[in-house]
Amino acid sequence: MAIAEHEETCLAKPREVGVYERSPMFRMACRQLELAAEHIDIDPGVLERLKLPKRAVLVSIPIRMDSDGRTENFIGYRVQHSLTSGPSKGGLRYHPSVDLGEVAALAMFMSWKCGIMNLPFGGAKGGIACDPEYMTIGEKERLTRRFTEEVLAVIGPRKDVMAPDLGTDEQTMAWIMDTYSMKVGYCCPEIVTGKPVELGGCVGRRQATGRGMVYCIMEALKELKIEPGTATVAIQGFGNVGSVVAKELFDRGLKIIAIGDRTGAIYNKNGFDVDDVLRHVTRDRLVRYPKGEVISQAELLECSCTVLVPAAIERVITEENASRLKCRLLAEAANGPTTPEADEILNNSDIYIIPDIIGNAGGVTVSYFEWVQDLQQWMWTEEQINRQLEELMLRAFHKIRKQARERQLSMRMAALTLGIEKAAREKERRGLFP
Ligand code: NAD
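Just add 1142 to the spot in the sequence shown (first one is 1) and you have my numbering.
Below, the structure written as structure tokens:
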């Protein structure tokens, strides 16, 4: 369906739907769902339901600011796309651009991701529109604790389990766990995943998203018959996910030639010593790293490399720049980095795409391991975690390759059809209540 035509159908819907559809990200998620639905047998009622979240909660979060003692109000969201196959699961992001539609789209992606990985979860996502870069630790703690209090009625180990995402980390999860535990009156580590290991967190969870991405990249390079030692890599985003992808690929002998974050990007055609860059960013901004040339974000995305890894924010590969990409493999670690218009262009090129819903599924997979361990109070070793992660990632990766080959679909469509089909079958088997 043409985009203009699609937008017309969106506009014709009731106002409640429009609340989500004002967001380009949500329209992008709906469009992907509709395109994938053309390749699977899906009940039209179920399809309509899958376009909408089951529940969306919007809260105001007043907190006292440290700088001048004034009270500032932030808006927070928790959106649960599906609870059909278990609790809903998904990250909590702190970023200035967070809005209801974006969070609803990300919750939908999580449902497909859990479907592909065969995890007993539905998708969810949360977010607060704020800029954590410019907040004190005390402000972030008060924001997190008050948000937890505001969404208390809809979260729980069997209802909805949060994890870190853009702008949040292990400490954020520790505050949520503590706030929830104080409210229910007992220690409840299973309320969140991605928390510190001392509090029941899972060894290897922090690295899991990046590691899962790396397992897929190495498998794709094998298929493309590219020797890792000859491959060059450009990475946008040097946070939790991007820095782990950089380190793991560097350790496997790939040359990391470009790295970017929100402060800018750097380039070195001979490759960076990633350990040295990691040490540098603990003290100073990435762009001030002395052994690299400063380049723009556009130059990073369009540089000539074997593997391009967007690992920062969504919608960075668009209709405008897609035809200028010069990578052989596009490994999507961020959620939604490629717009559907860009996807059409890339599908007509020889770029091999590892789509986000499998590329970054390592995070939710190890979150599942963490949840299971907390419920059973039985912790696994990092070796067990990594072995199981690799096994599940590669199983899903090859299932998608097979689907793509057999049904003549792009990797993205193959992944989406598998994830959506699983979510749709579960709804159909449970039936419509009442
Ligand atoms: P993070 O906050 O740890 O790091 C984000 C990085 O992106 C930082 O280096 C930041 O400087 C950079 N960045 C932010 N805005 C940018 C911009 N406008 N241009 C260039 N760089 C920018 O976040 P993260 O946890 O690494 O998440 C990164 C992406 O991976 C997000 O899309 C997130 O949804 C996705 N993801 C994360 C996880 C996880 O386990 N953390 C799991 C699945 C998916």
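Where a beta carbon is used, it is the ideal one built from N, C-alpha and C, also for glycine.
- Taking 8 Å as the upper bound for CB-CB distance, R1353 and N1528 are in contact here, some 7 Å apart.
- Not one heavy atom of the ligand NAD lies closer than 7 Å to the C-beta of L1234.
- L1391 places its beta carbon less than 8 Å from that of I1359.
- CA-CA distance, I1182 to K1564, rounds to 11 Å.
- Per DSSP, the continuous beta strand (DSSP E) segment holding I1377 begins and ends at T1374 to Q1378.
- By a beta-carbon distance limit of 8 Å, V1303 contacts T1335. Their separation comes to about 6 Å.
- In this structure, the ligand NAD has a non-hydrogen atom nearer than 7 Å to the beta-carbon of V1383.
- Straight across, the Cα-Cα distance linking V1506 with I1500 is about 10 Å.
- D1273 counts as exposed, since fewer than 16 other C-beta atoms from the protein chains shown sit within 10 angstroms of its C-beta.
- Segment contact: the region 1251-1258 against the region 1541-1559, three or more CB-CB distances shorter than 8 Å; contact assigned.
- Judged by DSSP in its simplified three-state form, V1201 adopts strand.
- Pairwise C-beta distances place the region 1445-1460 in contact with the region 1469-1487, as three or more of them are shorter than 8 Å.
- Unbroken alpha helix (DSSP H) stretches of 4 residues or longer found wholly inside the region 1489-1544: 1498-1501 and 1504-1518, given in chain order.
- Your pair T1480 and I1459 checks out as a contact, with CB atoms roughly 4 Å apart and the cut at 8 Å.
- Between A1373 and L1341, the C-beta spacing is not below 8 Å.
- Per DSSP, reduced to three states, the secondary structure at M1207 is coil, with no helix or strand assignment.
- Linking C1344 to L1189 through their CA atoms gives a straight-line distance of about 35 Å.
- With a cut-off of 8 Å on Cβ pairs, the region 1218-1236 is in contact with the region 1566-1574, counting three or more such pairs.
- Contact annotation, I1487 with S1465: C-beta distance approximately 5 Å; criterion of less than 8 Å satisfied.
- With a 10 Å radius around the Cβ and a threshold of 16 neighbouring Cβ atoms, T1523 comes out exposed.
- Proximity to E1244 across N1260, V1296 and E1163 peaks at E1163, based on C-alpha coordinates.
- In terms of side-chain proximity, the C-beta atom of P1338 is found no nearer than 7 Å to any non-hydrogen atom of the ligand NAD.
- Annotated three-state conformation of G1232 is strand, per DSSP.
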